[in-house]
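Protein chains in written order, with my numbering: chain A, 1084 to 1958; chain B, 1084 to 1958. Positions of the beta carbon are idealized from the N, C-alpha and C atoms, including for glycine.
Okay, here's the thing in structure tokens:
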């Protein structure tokens, strides 16, 4: 299907002429979903400017603009650029219409007219042509099928003739070639209709992924060629029809080309009605994250540029081309001459905008270092070259600027899920973007208390029907996990005080009561946020030292949980020594599969009574210590303790703990900030624990990873403990943007998207859970690796604890640094939790992508181990 | 300029025929900026469906769609609807082209053909016609200027002939009128070009505000008429050209009509390239907050509806009309017959979508009550009828659903600025909406630590060049004011420990050190947020009681500040008794203007030493009380203490306090969450204090009121106290969405918008402050009002403390309830802080709007006082 790559890498050196050469098919990547291929392949160069030429509609003169820019670039006597690459990915009406052929012809003509003493090397190459179009081009004299069988001359694949048509010539009288024009049509069809229709009718459909990979190769033409004054190549990619016209597969072109996010020129509409069409097309590009550098349109005497410029507030220059002669016999030479100053200006804008972008990309790391104060970051450990410049995101992938290889934008899988917030695939991101625009325009933000508006109401409805189903009756909104936890604690404490009739004895004013001390029950290794209230609910850790927060007191009874993990191929529980669990039989502490760990039948295990008595004893100890001290709330991260090091707590222990607290009228809080919304393969991690809380906190993935929003859900009983006659009895906690419309709208979209099997291919609707994303066998293999202490795989999460010497364990450990740097080179962006590393995908990520990442990790682990041994030997 | 209103309210009763009647000009509202008029005027009915008909381009058959819908509505033998109102706000090419004339004619013809036994009353009315168009209509035989002088027959205003052309007829043989068609053209021009060009060329420009007010009146036709099955009227508003075609004034129509946010039908493009144009037009409507209910397009044999439906995922139905005959002599009767089933479907979609909207609006208050848990709200005090249903926001105005008057959507000024967050005018809201779409598409959210991306970098740059100018060198991002304060405290404490060499003595592990107690210096009445750390930094209040947060301890030295306010026309200071300031002369404690309060020359006042010694004494007392207790940070809200009751603290006191703390090496934090970004008329309230902090917190208005984002700015010295070799020395505090791209992008836009005099009409660029927004004289008058204890006006804030008996003062007071309910009826949405009420506008709000609100308040205060006296007498 693809021409030989060498042709594409250095096309001006290897001339392919039809019927002279025969090529074997180059081995290509296996067909697979689009995103699979992004991983390492979809980079593009920044060695020279590449622009996409879009139009507001068909027939507005995109190709004339391309030709004019080509003329401006390579036709002057001392050309500012020595090479122009013109790429037409999709051409219909072929061979009668060929935009690359038009550019090739026109520029040749213009060259002879303007610069006859010099020499231009020009070529036109059509790479893939549908069979009907190919037949039309060469005549219908022989059967394609036959030739394919013999392996001679022709062959066809997916309905395309795949050698293409190549033509080149030297133009002008010069001895040496001064400038070069390379024109390429990637795919061509016969009928002069939209590519999606032509593809269907001619039986020749190009998958988006194939198109992108081929385009990527075409974009490599001219990499690294530098003229005297710097960059000497300009590349133009001309789209077909309007900005949102479907491509071959039916995807809109503005969506299709988005992974490259090339800077754009929009050819506007100078006709009656053209202002509207131009603005709308501009907006379709903008809300897909494109940068539009200039708008250019043909003069139709209506001065459409005036309202356009005014509306765009001069952010985007609007240029006007002279009227195009309507006479089809006109060779346009005169028009090109008249237009040249406009094209010179346009080219100038494009070059200077490119240079500005490059300059900015280069200065960003230094500026960031100078003025940012990154959270959780020791600035001294981040030299300039370690700063990652993120140019954009598409689905799970960052587009990152790299200085090497003449500069490029390359894709990296965001395997830390940007602090566990991310979920959207490309389609959801596009949808969310449009909805963010809609919601901002419709609501911006509006006051929440005593008011109701659609996004907040729908969001509350979806939360109560989803993660709160069966127990929650109220939604309290705030901004992040930490505030959601502080609210949950206030709710739980009030409930406890009411249930235990402690409120009655209190003075009704706002004096501080020191006779009652309320404590939380929480687990060692837990993490609930960084604000003081949330911190006080967690056990002492690196985050809570006096250096960090001198006000931290740790107002809790902190229990040590049993931890589950896969070690050397087996899932097993590590039980804290305190619990005296030496007698528990092996069958009850190790498992043949992860599912067994979550099995309800474990309620009959002898561990239950061991857990129960440990819990009772700890609660008793604590309440005995001070007369007025009460355990007034239980707070746990169900199943996975994230920041604590991706620790999987034995679900049986947590279930037992909940039961014990219930028996003592201690309200139960689940902190699902990390675990909620399919992170662990189910919508709410409570489903894995097989029990329900009184209060639960959600944030992070709730908005699909767009913007901050948190919700604290509560039962009706909890809510009722705040109802009364006085405003002072109400829960007086709120943040300015409580239930802000944009966050709620993003949440509504994401919640629905992830739980709909039409949009989430990973969902098994009957079971209401995600299919296994991390290859079970490979996970097992990794757990045997000598560099690995333990592994966890559950839902979208895969984690590895690296084997280290004791002194190097924990949050401050830098042991994973070299490993992660290698993985970044492989296109996987990870962040460590000390000596624990993890990969986190989205609920819609393809298992193929996960497999590829695991494979890469395995390879790098080998190197890592090897290095360590070497180092040890050196010492 | 407007026809007599009676004509518009009940047009079918008052028939105006040219040359028969002469009307005097009805007195109209004075010309004034658009938003001024919104306040009470721009409501529209929900008694029947009103739809806007938009198109992707000109010439796609909008008028045929209108006519088809009219036919479907009122032409069947038992019509589902009895009345069709067709409004064409802007008509060019008049009188040759008249879309309302076309609908009038076609429906009459169709009626005779389909339903000759019944009777239709049809009228066509053109209200305002440009002089050239009017001349063409009636002939060029007399001079308009002459007639205007005599006041007879014709008159013209702003280039329009203002009586209009009216025609009506009874169609059919029935005796009683069964159905009615009312067609109106609001403004017409002669040339068949875009309205903005025709307006300019014919010297007849309609201001947006005039157009909206007239449209509002037209929309009132048919209010409250109910058929058997409920609503019996359908109203269509047909736009001109494409969705983003400019109107008469040059504003794009999609922006121009936005305040009504009518549900929409989009006429798509069935031609080659039409998929793109249709999707782009759809998106232009969506990112302005419109609801598009259906797309309808003409069949051109390309099946454009297939990719459109697929792309829109069936959210929006796409209907296809038969090809329209190209022969201009075709009377289209056959085409209308063929199309009728499509129009019936379309009408069905429109009616059911309308009904769904109405049903939802009605159920929302109840659902909200059932599942929301509003912050700071005693649910028992909010009955269903008190819940405000907010349908949308446009600039400073909510569009609110009211059940009364057959149901309507009405505008209310958001005078609580939605918890002090709001700032955008309509143009900024549109810009922000597009930018939210762009940023979501380009970035979504990406990981912040160790990374850099454009919105975060630009935001940090703007913060340091703006509110942090001259002192700050680092930006730390978080989610809200409360987290920004917790971060600020951690920064200040570390700085204090380093400066005072206390860190060296500490154990380097994470044990809790109880030998050192750090306290904040803060003011009584201050408020810094609702998370525990922020609460502990404030003095005990209604928010901090044991009921609310049992963990609150109040770790501060809380000083009592002197308060400034205007009482009975004079600005004066109330100095706490403790300060022994009885001897201070009157000139030093009262001021002839507010500016005097802020004058630097007050540094020579005798108050300075009084303040100084009070501060010294309090700090000494506190540190003396425990050996290891240190005042380790000062935190103040500069100038205005918001939640404390809109208290204006004497700036001289705060300046003195800062100086005293500096002398003691106590780091200074300004909590500018409320005061930042022009809230007080300057970009940063530090400018009013004439001194700078070490650390400052910003949030709320920073994003222009879009979404949560906060920043804690710090000096380099503060930053350096976290730099070291260990990660554990870094500031380990962060939230998932730290520096999220959408928040940063919104902040960049807003920060630039408010400080640019081209976009902010209130800015006095030379002085870098806002002009006075609250009429000084009226504020003074209000301060004399017997119901008023004190007033404050500063920047965008105006506040009043109501005179109440002592027992009724404070946060829990409900005394303002009746007053605020009246003000809501007047279209002003306020929320009380106990017995303090306030109005807050945006940095761009017109002083005229503020004046109107003050006037309204004054009137209602009179009533309020009167009621109170009556009640007192009754008792």
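Who are the near neighbours of residue i in its chain, counting only those whose CB is closer than 7 Å to its CB and skipping five residues on each side?
{"i": "residue 1205 (chain A)", "result": "1187, 1190, 1191, 1251, 1252, 1254, 1264"}
{"i": "residue 1360 (chain B)", "result": "1139, 1140, 1352"}
{"i": "residue 1859 (chain B)", "result": "none"}
{"i": "residue 1247 (chain A)", "result": "1086, 1208, 1209, 1210, 1211, 1212"}
{"i": "residue 1419 (chain A)", "result": "1151, 1154, 1193"}
Report, in whole angstroms, the separation of the C-beta atoms of residue i and residue j, which I expect to be a contact under 8 Å.
{"i": "residue 1166 (chain B)", "j": "residue 1305 (chain B)", "result": "5 Å"}
{"i": "residue 1873 (chain A)", "j": "residue 1884 (chain A)", "result": "5 Å"}
{"i": "residue 1771 (chain B)", "j": "residue 1722 (chain B)", "result": "5 Å"}
{"i": "residue 1870 (chain A)", "j": "residue 1947 (chain A)", "result": "6 Å"}
{"i": "residue 1917 (chain B)", "j": "residue 1893 (chain B)", "result": "5 Å"}
{"i": "residue 1391 (chain A)", "j": "residue 1425 (chain A)", "result": "Incorrect: roughly 15 Å between the Cβ atoms, too far for contact."}
{"i": "residue 1369 (chain A)", "j": "residue 1820 (chain B)", "result": "That belief does not hold up - the Cβ atoms of residue 1369 (chain A) and residue 1820 (chain B) are roughly 23 Å apart, past 8 Å."}
{"i": "residue 1373 (chain B)", "j": "residue 1344 (chain B)", "result": "6 Å"}
{"i": "residue 1812 (chain B)", "j": "residue 1461 (chain A)", "result": "6 Å"}
Anything in chain A within Cβ reach of residue i, meaning under 9 Å, just list it in chain order.
{"i": "residue 1535 (chain B)", "result": "1447, 1448, 1450, 1451, 1452, 1455, 1470, 1471, 1472, 1473"}
{"i": "residue 1847 (chain B)", "result": "Within 9 Å Cβ-Cβ: nothing; residue 1847 (chain B) doesn't reach chain A, min ~22 Å."}
{"i": "residue 1282 (chain B)", "result": "Within chain A, no residue comes near residue 1282 (chain B); the closest Cβ sits about 12 Å away, beyond 9 Å."}
{"i": "residue 1076 (chain B)", "result": "Chain B is shown only over 1084 to 1958; residue 1076 (chain B) falls outside these bounds and no answer can be derived."}
Give the interface partners of residue i over in chain B, defined as CB-CB distance under 9 Å, in chain order.
{"i": "residue 1924 (chain A)", "result": "Simply none; closest approach about 15 Å."}
Just to make sure I have the definition right: I need the residues of chain A whose C-beta is within less than 7 Å of the C-beta of residue i. Which are they?
{"i": "residue 1141 (chain B)", "result": "1355, 1356"}
{"i": "residue 1962 (chain B)", "result": "No statement about residue 1962 (chain B) is possible, as the shown extent of chain B runs from 1084 to 1958 and does not include it."}
Quick one: which chain A residues come within Cβ less than 8 Å of residue i?
{"i": "residue 1902 (chain B)", "result": "Within chain A, no residue comes near residue 1902 (chain B); the closest Cβ sits about 16 Å away, beyond 8 Å."}
{"i": "residue 1135 (chain B)", "result": "In chain order: nothing, as chain A lies at least about 14 Å away."}
Who are the Cβ neighbours of residue i in its own chain at under 6 Å, not counting the five residues just before and after it?
{"i": "residue 1449 (chain A)", "result": "1467"}
{"i": "residue 1818 (chain B)", "result": "1561, 1562"}
May I ask you to check if the CB of residue i is nearer than 7 Å to at least one heavy atom of the ligand COA?
{"i": "residue 1830 (chain B)", "result": "Summarising the ligand content, the structure contains no ligands, and the ligand COA is consequently not present."}
Taking 8 Å as the threshold, find out whether the region 1725-1738 of chain B comes into contact with the region 1633-1651 of chain B through three or more Cβ pairs. yes
Are at least three pairs of beta-carbons, each pair with one atom in the region 1785-1799 of chain A and one in the region 1611-1627 of chain A, less than 8 Å apart? no
Pull out every residue of the region 1804-1835 of chain B whose Cβ sits closer than 9 Å to any Cβ of chain A, in chain order. 1805, 1806, 1807, 1808, 1809, 1810, 1811, 1812, 1813, 1814, 1815, 1816, 1817, 1818, 1819, 1820, 1821, 1822, 1823, 1824, 1825, 1826, 1829
What are the residues of the region 1612-1626 of chain B that lie near chain A, defined by any Cβ-Cβ distance shorter than 7 Å? 1613, 1614, 1615, 1616, 1619, 1623, 1624, 1625, 1626
Interface positions of the region 1167-1184 of chain A facing chain B (Cβ-Cβ less than 8 Å), listed along the chain: none
Near-chain A residues of the region 1473-1506 of chain B (beta-carbon distance less than 8 Å), N- to C-terminal order: 1473, 1474, 1475, 1476, 1481, 1497, 1499, 1501, 1502, 1503, 1504, 1505
Check distances from the C-beta atoms of the region 1543-1554 of chain B to those of chain A and list, in chain order, the residues that come in under 8 Å. 1543, 1544, 1547
Contact between the region 1321-1339 of chain A and the region 1279-1287 of chain A (3+ Cβ pairs under 8 Å): yes
Counting pairs of beta carbons, one from the region 1197-1212 of chain B and one from the region 1140-1160 of chain B, are three or more of them closer than 8 Å? yes
Please list, in chain order, the residues of the region 1922-1949 of chain A that have any C-beta partner in chain B closer than 8 Å. none
With 9 Å as the limit, tell me which residues of the region 1631-1652 of chain A have their beta carbon closer than that to any beta carbon of chain B; keep them in chain order. 1631, 1632, 1633, 1634, 1635, 1636, 1637, 1638
By the 7 Å beta-carbon criterion, what residues does the region 1731-1747 of chain B contribute toward chain A? none
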